[in-house]
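Numbering (our numbering), first residue to last: 6 to 735.
Glycine is no exception: its CB is placed at the ideal position from the N, C-alpha and C atoms.
All values reported here derive from a predicted model rather than from experimental measurement.
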Amino acid sequence: MKQFPFYRQLDAMDCGPTCLRMVAKHYGKIYSLQALRQKSYFTREGVSLLGISDAAEAIGFRTLMAKIPFEKLKAEAPTPFIAHWRQRHFVVVYGFKKDQVLVADPSHGLIQYSRQEFLDGWLYGQPKEAEAGIVLFLETTPAFYAQVGEESTGKLSFSFLLAYLKPYKRFLVQLFVGMLVGSLLQLIFPLLTQSIVDVGINTQNINFVNLVLAGQLMLFFSRTAVEMIRSWILLHIGTRINISILSDFLIKLMKLPLGFFDTKMIGDLLQRIGDHKRIESFLTSSTLSVVFSFVNLLIFGLVLAYYDLKIFGIFLLGSVLYATWVLVFMRRRRDLDYKLFDQMAANQSNLIQLISGMQEIKLQNCERQKRWEWERIQAALFKVSIKTLALNQYQESGSIFINEAKNIFITYMAAKAVINGEITLGMMLAVQSIIGQLNAPINEMINFIRASQDAKISLERLGEIHQKKNEEDDKEQKLVLFPEDGSLTLHHIGFKYEGAHSEKVLRNISLTIPQGKTTAIVGASGSGKTTLIKLLLKFYEPTQGEIRLGGMGFSHFSNRHWRERCGAVMQDGYIFNDTIARNIAIGDDEIDRERLLYAVKVANIQEYIESLALNYNTKIGGDGHGLSQGQRQRILIARAVYKNPDYIFFDEATNALDANNERTIMGNLNSFLDGKTVVVVAHRLSTVVNADQIIVLDKGQIIERGTHTELAGQRGAYFQLVRNQLELGT
């Protein structure tokens, strides 16, 4: 039977799209993981079975979701199908064989489960008497074969890496020459050893022995000098390449759409950054070492064959057995590497959360629960580490046994040859020395195979980032000149976060945000206010409808240039680990002191900053001076004011301020905002009383619009919102 195609998931939440990818490949179509992710409405929590069904139907499958007993499944179900596994994972069942269930698990590989083992995973979490589990059946239609599949774009080849070596051709040539010289110097040592025994000792010529030893000493110093130069060149190349690769990764990361970071775990991205070190090590140390090893293997192998063909044959056979033994473990090692990656990513995310949320943890008295959560991750990590250690021990023990058995047998053969008069004692010592020189290259080549496997795995994970579509295509011409009429018009805007079957966050929003005026958006929590702001800042594209700027489609304008014209104070605005001045003048290399002073005056935080010992050079953020929530918000307001943009977006910008500070800041802002287009989202309605228009949202829909006076007079939803705050009466 033809082996079922297998793809491995790149992230912990990739199992659903990866299962669909395997099924599509089984029927002869290749799709990239990224394409299937988009079609299945991928989120930070992964995808639902309904999302997989949508993606499958989008590429031409007919799907049926069912809850079905195992016996009926085995007797009647068409394979392959997707099964819900342990209530948090998806696998492909691609066949049944006697009492075995054939499963393609994207996190582990092709596995054969017994009936009971399959039921334990399939019915996991259900009552013991439960007999039916959840599956998704997939059947091809003519539309599936009519569609053109797409070559997988999630992989990077080694040619991607070789491009980083091209600028260092001159250094690489120097390294190669150094390696050749080093190999030739090493080759002389066995010959000198033979000369000491066969000539110096046999003829009892101490002067000859002294001369040879002096020669060996000079060769040793020469070889050490060559190695030192080689190490310095390697350090230079390795550091430069590592910085280049990592810099390109960060550049790519910064070009991705803002929505991408909604579905990525921090630990997952940090682990990918760690992957760069393995790639850099492979490119420099491993790749160049294997070239050096190959040169040594060739030279010393020829010399050994010249001395004795039988001994060379034994060495060759032993080395082949040694390499075969190591390669047997490579697939299992790859599986464990993926598991270790997942656990390390989870560990990173959990540890960051544990440290960042320590105040809240202590406040809520949940230290024990959070510690237990961390310990459970450590236990899972420990299990994978134990399996990795065990695998390495089996591999290492077998390797050592084969290698030592080969060396012992060669020693026996060489000693026998000396006794039989076939070779001299000096030649025997030379052979032993050559064998020692040959063992190292064999080990280096085996290590190179491991390093190449590690690099390939890392490349697969990095490929998922590098091959993603940028927020803006560099080849696509976007408008950078904005129209004189800067009004924003929204036509029947709808938006949802998680695909076709999720609830809409915004529904049929139509409104005009006039240029140079203030528009306030109010409503209960969850009514869609922040989402609307994010659409206007180009965080996301609307799922329906159109936004226009001065009569032109919003999507035609460059995102980068649009954000240059916008200042925003968001609910979750970030304070960087830097000085106060650098946190306010965040986009400038040279800080404009007049603008900085004006910004802190408007934000009413000048007095506090100038009371600090280092004033504007005081470090704040993660490792710096602590800020209260109100001070934090005022820094963010100062940041927006310093930028002096044409459009200002405030999302609950003053919700953490006391009434006096709020009144002062709003008074300061009035003159600054004059002539600017302002959109304000607020719960505290005292900040929106003077807005030119007020939009009231409820469950993603506009239910009222007008000025404060008009809406208060209607005594509708807006009146209910402000009655208690502004004491409008009953």
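DSSP, reduced to helix, strand and coil, places A137 within a strand of the structure shown. Cβ atoms of L180 and I238 come within 8 Å of each other, at about 6 Å. Taking each of L386, T68, L321 in turn and checking the Cα distance to A351, the smallest one comes out for L386. The DSSP assignment places complete beta strand (DSSP E) segments of no fewer than 3 residues inside the segment 553-588 at 571-574, in order along the chain. With respect to V694, Y723 sits apart: the two C-beta atoms are not nearer than 8 Å. The Cβ-Cβ distance between L495 and G533 does not fall below 8 Å. Beta bridge pairing from DSSP links W377 with no other residue. Taking the Cα positions, Y652 is about 16 Å away from A604.
The closest CA to that of Q92, considering only V52, I64, A80, R587, is found on V52.
Looking from the CA of L275, the closest CA among S354, D583, H497 belongs to S354. A straight line joining the alpha-carbon of R381 with that of G126 spans about 20 Å. In the three-state scheme derived from DSSP, where H, G and I count as helix and E and B as strand, A109 is classed as strand. The C-beta of P172 has fewer than 16 other C-beta atoms within 10 Å across all chains shown, which makes the residue exposed. For R668, the enclosing alpha helix (DSSP H) has its first and last residue at 664-678. One alpha carbon belongs to T329, the other to A168, and they sit about 32 Å apart.
N412 sits in a helix when the DSSP states are folded into three classes. Nearest Cα to I451 within the set N408, R600, N582, I526: N408.
Only residues of its own chain outside the window of five on either side were considered, and among them C20 have a CB closer than 6 Å to the CB of H94, listed in chain order.
Per DSSP, V694 lies in no beta strand (DSSP E) segment and is marked neither H nor E. For P74, there is no enclosing alpha helix (DSSP H); the residue is found in the beta strand (DSSP E) stretching over 66-74. By the neighbour-count criterion, in which a residue is buried when 16 or more other Cβ atoms sit within 10 angstroms of its Cβ, F406 is exposed. Membership of F95 in the beta strand (DSSP E) is indicated by the continuous run 94-102. For T524, the enclosing beta strand (DSSP E) has its first and last residue at 523-528. In the three-state DSSP reduction, G183 falls in the helix class (H, G or I). The three-state secondary structure of A590, taken from DSSP, is coil. V325 sits exposed, since fewer than 16 C-beta atoms from the chains shown fall within 10 Å of its C-beta.
The beta carbon of A109 sits closer than 7 Å to the beta carbons of F9, F11, M27, V96, V97, Y99, L115 from its chain, once the five residues preceding and following it are set aside; these are given in chain order. Within the same chain, and ignoring the five residues on either side of L617 in sequence, the residues whose Cβ sits closer than 6 Å to its Cβ are T623.
Exposure of D478 is indicated by the presence of fewer than 16 other C-beta atoms within 10 angstroms of its C-beta. Counted as a single uninterrupted DSSP element, the beta strand (DSSP E) harbouring G499 occupies residues 493-500. Measuring C-alpha to C-alpha distances from S404 to each of W379, V333, R376 identifies V333 as the nearest. CA-to-CA, the gap between L486 and I625 works out to about 37 Å. Taken through DSSP and simplified to helix, strand or coil, I514 comes out as strand. Linking L41 to C24 through their CA atoms gives a straight-line distance of about 10 Å. Where Q117 is concerned, the enclosing beta strand (DSSP E) starts and stops at 114-119. By the Cβ neighbour-count rule, K411 is buried, with 16 or more other Cβ atoms within 10 Å of its own.
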